[in-house]
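Each residue of the sequence shown is one higher than the one before, starting from 1 at the first, in full-length UniProt numbering. Yeah, the Cβ is synthetic: ideal placement off N, Cα and C, and Gly gets one too.
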Amino acid sequence: MQITLARIDDRLIHGQVTTVWSKVANAQRIIICNDDVFNDEVRRTLLRQAAPPGMKVNVVSLEKAVAVYHNPQYQDETVFYLFTNPHDVFNDGAPGRADRHVKYWWHGLATR
């Protein structure tokens with residue numbers, strides 16, 4: 001799996017992501033990694049609907065994100081990872097920590 005961009009933004013998918021960052025990332029799939037969002041069915045549904053046309057979107061738990069990152073089935077995919085906070089990115093085994101060549105963009109002032 002090639003991570004083309006990892007973005008930390010507590011807004012996740014919004015206008016700027018759909019119009020700019022998805023094009024910059026040039027990825028086949030957006031993977032949103034956050035346990036709270038994964039456990040909230042309404043947010044999962046809204047995020048999938050807000051995605052750019054034709055873009056595959058997955059909302060996964062951090063545990064699942066690690067498993068997907070290491071799954072050879074996805075080795076040929078280009079992925080744009082979205083996180084809500086730095087802790088999720090740099091958690092042991094997280095995709096963001098595994099690929100040290102990823103450039104991070106952090107937006108948001110929410111305190112956690």
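For T84, there is no enclosing beta strand (DSSP E), since its DSSP letter is neither H nor E. Under DSSP, Q2 forms a beta bridge with T78. In the structure shown, the three-state DSSP call for D9 is strand. Shown here for Q28: same chain residues with a beta carbon closer than 6 Å to its own, the five before and five after excluded, namely E77, T78 in chain order. When the Cα atoms are used, Q75 and V68 turn out to be separated by approximately 10 Å.
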